[in-house]
Structures are given as structure tokens and as C-alpha cells.
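Participant: From first to last, the protein sequence lines stand for chains A and B. All letters in the first sequence, in the order written, are residues 27 to 355 by our numbering. All letters in the second sequence, in the order written, are residues 581 to 849 by our numbering. From the three backbone atoms N, C-alpha and C, an ideal C-beta is built for every residue, glycine too. This one's a predicted model, so the numbers in the text were calculated from it and none came from an experiment. If you scroll down you'll find the structure; I have some questions about it.
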Amino acid sequence: MSDAAVTIENLRKTFTLQTGKGLKRTSSEVVAVDDISLSIPSGQSVAFIGPNGAGKSTTIKILTGILRPTAGSATVLGWVPWTDRKKLVRQIGAVFGQRSQLWYHLPPRDTFELLGKIYELPKNDYTKRRDMLIERFGIGTFLDTQVRKLSLGQRMRAEIAASLLHHPRVLFLDEPTIGLDVMARQELRDLIREWNKEEGITVFLTSHDAGDIEYVARRVVVVNHGKVVLDDKVSSMRRQYLGAKVLSVKYHDNPAALDFPGATIVKSSQYAVRLEVDTQVTAIEAVMEHILKAGSVADITIEDPPLEEVIAHIYSQPPQPSTGEEDGE
Amino acid sequence: MSSGITVADKYWWISLTSAKSNLAYLAEIGSRVFFLGVILYIFLRLWQVTYSETGSQTLGGLSLPQMLWYLAITESIILSGPRVAQSVDQDVRTGAISIHFIRPLSYPLYCLFNTLGERAVRFFVNMSVGALISVVFVGFVPMNWLGFFCFLTVLPLAFVIDFLGNFLIGLAAFWLEDTNGLVLIYSRMTMILGGMLIPLELFPDSWQATLKMLPFSAVVYGPARLFVSPDLAFYQDILFRQVVACIFFALAVAFVFRIASRRVFANGG
């Protein structure tokens, strides 16, 4: 058997949705997860993304044993989540960005203590682990401050530290950076990435934030309409999935019109042009020729399109068969 | 590998954490205590008039001091009740219940011990004020250690029965659009049929046997009556009815929760 932390085969989950009232009430079947197959090796960090209602939350709930699928199979660390939930929950951790596990009127220390009891950690092990997490997550300064008085960034650091107390081998993070400012967001991403690399913990992340995906995950799985529409390395997602480049060109004087197949002018002023080019229609060498022909170039920058655009583009595509990318880190 | 932590430790710790957390709500508890003081004073006056108008020393077998202490305890029990049904309802509707499913815990037991911790703090604060008012206006009631011990054994069971009733209503959120109506009916039945305002002995004779059979009396009337007039036979009777009610409700909770947990929907993306 492979060293997979998570395996999913032909997973399907449907819900019965009732609409209307009284005698006019009708039932219809909603497909939340539609034939998803995946394999995630131990230690990999995977971003599991999709628009609202795509089926990612349902998939996570199946993988954590909360929901039972309608069809298909799944294992997490070798256990079937919905039948072995009691064993599995001791090996997984979860952070839901919008749902706190910390006691609001008590300091994080009290929640840590309680979690130590809930997971039945031996006293010495608990103390050692807690102290290490306090140091690594920099929460010593507010360990004894009531949670309601903490900033959101501090609270999320404490949330993640709390979810790691019992040495989980798989960490499910559901929008962990939601609502955080730029600095706090980056700090949290760094912590998760470090933890993934140094402890070898498997990270299963859902987020709507392109930065989370780019900084934390090595692999991205995009779901939409309950199906996997893309399964690839984050680094190659931009290149392979959307063959577009954004070029910003500054000329010494007024340039000639830039009009060639695959080019879209995004913005133009007297001496500057910003254009998006589909390099699958016009190769980048030919693009450069067109630009140089149009006038004397003072400066040029070539960028990949923002990840948000790539994701938005993927969301708008019809479902395609999964590539089943399973590379390790 | 044994960590030395038992399941009992785990849930006991939940109660302790809950009690600690609720001490942070002292302002809210303070406002309830003020309300309790006002209610007790009004009822003292009403009962004083009633006793003097009827010209009798006892009503329903209770003297005026016993009646005020009875009210102090029933009001303390009712006012210490946490919002269990509403909390479970919210957990179900928002999907927050799922957080509890990914821990080595039983959700119903987690809620039970959380509630017991919260209720212990609230009851203690309420009862302190109730006792103070009672002592100031009517003095002590005859009490012995055995009676006090009996009271301390039936009180937690009363809280457990009340929790189970409320928890069942909260679980109804899996099927109903709104559980507030049920909560209102349950709480009013506990207050009225449980004997919060008047002891069950003052209800019509034909009602008494039925009211004493209902679980509401095991929550409110039983512990309060036992406190003001300790009696071993009554203690055995109330304890028996409490145990029966606990078993019945616990089985109902286990059955409904088993069905309900299959209906957990993926609320919130």
C-alpha cells in the first residue's frame, strides 16, 4: 500500500433538498460531491479550493468522519473516517477560521489544559508539547489573556497551536486566514508552512485567498460543481492552465497601435501600454517582435496574471478529468 | 498506552472549565440575582398576607419561613438554567456542531458537563442571595445534615433531567424551522407544573398525583420540598422518580441523537 495520508475514490455525496411549504413541499436531490478521486501522500500540503457550494466543505466533513458519503470510498491515515471516527479524531487536527475552539472568556492556557485532558495526553507530554507550541507560535505574551481581548491574528495563532497539541498527523485548515490583516496573514502562512516542512504533517487547506494557496500549498485541487476540475502543482497551475502573460511596456515616444491575435489591451496612456497576451495564440517571441516594431521601448515587464484571475478562470471552466497529480514535495 | 486520564476526568474538566468561564459573566449573574431578590421580596409579602388572611400556621404543610425558603430554592433552580436548547439549536443550524464531532468526545456528554459547570456557578450565586433574603426576613428553617446531604444528591439529578429535556428540544432543530416555541412551552411547564410558584400540595387534589408523576416536579418541587422539610421516605420517592426520569430521557436523547447525527448537513462553506 502507498504512503498516502488521504485516499478518496469515486466519492459521491447527495443531499435531499426540500423546498416550499405544506402540501406544496417538494424534494429534490442536490449533488454536493460528484465522483471525486484523490490521493494525498503523507507530508504533502494541499490546497483544496473552489467557489461557495463547490463541495469542498462536504468533502472535508466526509474526511473528518462527520458525514457519510452516498457512494465511493475514502481513507484517512488508513481509517475509514465515518466508521473509525473515534480512532481517527485522535490523529487529525482541524481549524475552522470562522468557528473558534477557544473558550471566549478564558485565556488560551485554559483551553490548552482542557484539550490536553480531552485528548488524554500524559501530563509530561502535554507540558512539553504546550511549551514548544507556545514558543514556536509566539503566544507566550498573551497566553494568560482572555481570548475576547486578543486580536484576530493572536487568536488564530492560538487556535492553530491548540489544534496541534495532540500531535495530529493530518491538519485540516478551513479558511484559517479569513479576516486577518496582511501581516497576521503572512505570519500564519509562514507558521503553517514551517510546520508542514519540519514536522512532516499533512496539510489539507481550503481558502478563498490566493496568497494562502501560493505560500502554504505545493499542490492545488480545484473543485467545482462537486467535481475535481484541476489537480496540479501550484507552481505549474498558472503556466499550464492559463497560458497568459501580462506585459507592461513603456515607450520613448508615441507607439504604433498594438494589434495582433491573442492580445488584449488592458490599459494604455500616451507612452505606456499594459496588455494581456494569450501565448498559446501568439508565442512570446512573436509578441516581443510586435512590441519592438511598435516603437522605441524604454522599459518592459512581463508578469504572470494574478492567481485570483487564474482561479476565477478555472472556476468558469466546465469540469475536466482529474490528472491525479500525486508528486511528493 | 495509558495517560492516567480517565473519561470521567475529561468530562469533569469540562465542567470545571465551564464553571471558570461563567465566573466571567458576573455582571449578568448580578442582574439575575437582583431580579431574584425583588421576586422573593414580593412573594414574601404576598404569602404573609395569605397566611394572615387564612389564619393558619401552615399551607400545604409548610410554614411561612419554609414557604420563603421553598421559593428561594425553586427560583434559584429556574433562574440558574442555562440556554441549552438554544445553544444546541444554534450548533445545529450554523454547523458548529461539527467541531465537536472531530474530537474524542461525546457531544451530548460535552453539553451535559458544560451545562452542569455553568449551572453550578449560577445556582450557587442565586442561592446565596436567596438564603440571605430568607434569613433576614424569616430566619432559618429546621435542617439537619442528613436532609442537606439528601438535597445535595437530588439537586444534580434535577439539573441532569432539565438538561436532557432541553437537549431534546435543541435536537429538534434537525427537523424544525424554529424551536423557540417548544422552549417556551417547556420552560413554562417547568415553572407552573414543576411547582416554582406554589408547592404541588396547594394544587387541586385531583391534579397532585399526576403532577408528582411528571418530570417537572423532579426538577423543581422535589429538591425544594426536600430542603425545607427533610424526610427520608420523600427522599427515596423523589430519588426513584428522578432516576426513572433520567433513564427515560437519556434513552430518548441517545435514540434521537443517533438519528439526528445522520442528518448533519454541511452548513456553511
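(1) Count the other C-beta atoms from every protein chain shown that fall within 10 angstroms of the C-beta of A:Gln180, then say buried if there are 16 or more, exposed otherwise.
(2) From the DSSP secondary-structure annotation, give me the bridge partner or partners of A:Phe122.
(3) How many angstroms separate the CA atom of B:Leu624 from the CA atom of B:Leu648?
(4) Roughly how many angstroms lie between the CA atoms of A:Lys271 and A:Glu335, to the nearest whole one?
(5) Is B:Trp649 close to chain A? Criterion is C-beta to C-beta, closer than 9 Å.
(6) Can you say whether B:Asn602 is buried or exposed, counting buried as having 16 or more other CB atoms within 10 angstroms of its CB?
(7) Is it buried or exposed, A:Asp330, if we count other Cβ atoms within 10 angstroms and call 16 or more buried?
(8) When burial is assigned at 16 or more other CB atoms within 10 Å of the CB, is B:Tyr621 buried or exposed?
(9) How many angstroms separate the CA atom of A:Leu199 from the CA atom of A:Phe230?
(10) Is there a C-beta anywhere in chain B that falls below 9 Å from the one on A:Phe168?
(11) Report the three-state DSSP secondary structure of B:Ala752 (helix, strand or coil).
(12) Which word fits A:Phe74, buried or exposed, when buried means at least 16 other C-beta atoms lie within 10 angstroms of its C-beta?
(13) Work out the CA separation of A:Val121 and A:Leu197 for me, nearest whole Å.
(14) Return helix, strand or coil for A:Ile227, following the three-state DSSP convention.
(15) Would you mind telling me which residues of chain B sit closer than 9 Å to A:His131, beta carbon to beta carbon, in chain order?
(16) Can you name the start and end residues of the beta strand (DSSP E) that A:Val102 belongs to?
(17) How would you label B:Gln637, buried or exposed, when you count the other beta carbons within 10 angstroms and need 16 or more for buried?
(18) So, with DSSP's three-state summary, where would you put A:Met27?
(19) Chain A partners of B:Val844, CB-CB under 8 Å?
(20) Excluding the 5 residues flanking B:Gly848 on each side, which residues of the same chain have their C-beta closer than 8 Å to its C-beta?
(21) Mind checking the segment 679-698 of chain B against chain A and listing, in chain order, the residues whose C-beta falls within less than 7 Å of any C-beta there?
(22) Suppose contacts are defined by Cβ-Cβ distances below 9 Å. Is A:Ala100 in contact with A:Pro67 by that definition?
(23) Regarding A:Gly226 and the ligand SAM, is the C-beta to nearest heavy atom distance less than 8 Å?
(24) Should A:Thr232 go down as buried or exposed, given a rule of 16 or more other Cβ atoms within 10 Å for buried?
(25) Using a Cβ-Cβ cut-off of 6 Å (strictly less than) and excluding sequence neighbours within five positions of B:Val800, which residues of its own chain qualify?
(26) Pick out whichever of A:Val72, A:Lys154 and A:Phe41 has its Cα sitting closest to the Cα of A:Ala58.
(27) Identify whether A:Tyr145 lies in helix, strand or coil by the three-state DSSP scheme.
(28) What does B:Asp589 reach in chain A if we use C-beta pairs closer than 8 Å?
(29) Where are the beta strand (DSSP E) runs, 3 residues long or more, that stay fully inside the segment 269-326 of chain A, in chain order?
(30) Between the segment 797-817 of chain B and the segment 724-741 of chain B, can you find at least three pairs of beta-carbon atoms closer than 8 Å?
(31) Compute the Euclidean distance between the alpha carbons of A:Asp7 and A:Leu256, then round it to the nearest angstrom.
(32) Do you know offhand how far B:His680's Cα is from B:Arg699's?
(33) Please look up how many angstroms separate the CB atoms of B:Thr852 and B:Ala665, rounded, as I've assumed it's under 8 Å.
(34) Taking three-plus beta-carbon pairs below 8 Å as touching, is the segment 111-130 of chain A in contact with the segment 201-208 of chain A?
(35) Indicate whether A:Ile186 and A:Phe163 have their beta-carbon atoms separated by less than 9 Å.
(36) Rounded to the nearest angstrom, how far is the Cβ of A:Val246 from that of A:Met263, given a contact under 8 Å?
Facilitator: Well, looking at it:
(1) buried
(2) Looking at the DSSP output, A:Phe122 bridges to A:Arg125 and A:Asp200.
(3) 6 Å
(4) Spanning the two alpha carbons is a distance of roughly 12 Å.
(5) no
(6) buried
(7) exposed
(8) exposed
(9) 6 Å
(10) Residue-level contact check: A:Phe168 does not touch chain B, since none of the beta carbons of chain B fall below 9 Å from its beta carbon.
(11) helix
(12) Taking every protein chain shown into account, the CB of A:Phe74 has 16 or more other CB atoms within 10 angstroms, so this residue is buried.
(13) Looking at the two C-alpha atoms, the distance is approximately 8 Å.
(14) Note: A:Ile227 maps to coil in three-state DSSP.
(15) Lys600, Ser601, Asn602, Leu603, Ala604 and Tyr605
(16) Ala97 to Val102
(17) exposed
(18) With a pLDDT of 44 at A:Met27, under the threshold of 50, the modelled position of this residue cannot be trusted, and the question is left open.
(19) Lys87, Ile92 and Leu93
(20) At B:Gly848 the pLDDT is 43, less than 50, meaning the model places this residue with poor confidence and gives no usable figure here.
(21) Ile679, Phe681, Ile682, Arg683, Pro684 and Leu685
(22) no
(23) The ligand SAM is not among the ligands present in this structure, which contains no ligands whatsoever.
(24) buried
(25) In chain order, Thr654, Ile657, Gly774, Gly775 and Met776 place their CB closer than 6 Å to the CB of B:Val800, counting only its own chain and leaving out the 5 sequence neighbours on each side.
(26) Considering only alpha carbons, the answer is A:Phe41.
(27) coil
(28) Lys143
(29) 270-277, 289-294 and 298-304
(30) yes
(31) In this structure chain A extends from 27 to 355, so residue 7 of chain A is not present and cannot be described.
(32) 21 Å
(33) Only positions 581 to 849 of chain B appear in the structure, and residue 852 of chain B is not among them; the question remains open.
(34) yes
(35) yes
(36) 6 Å
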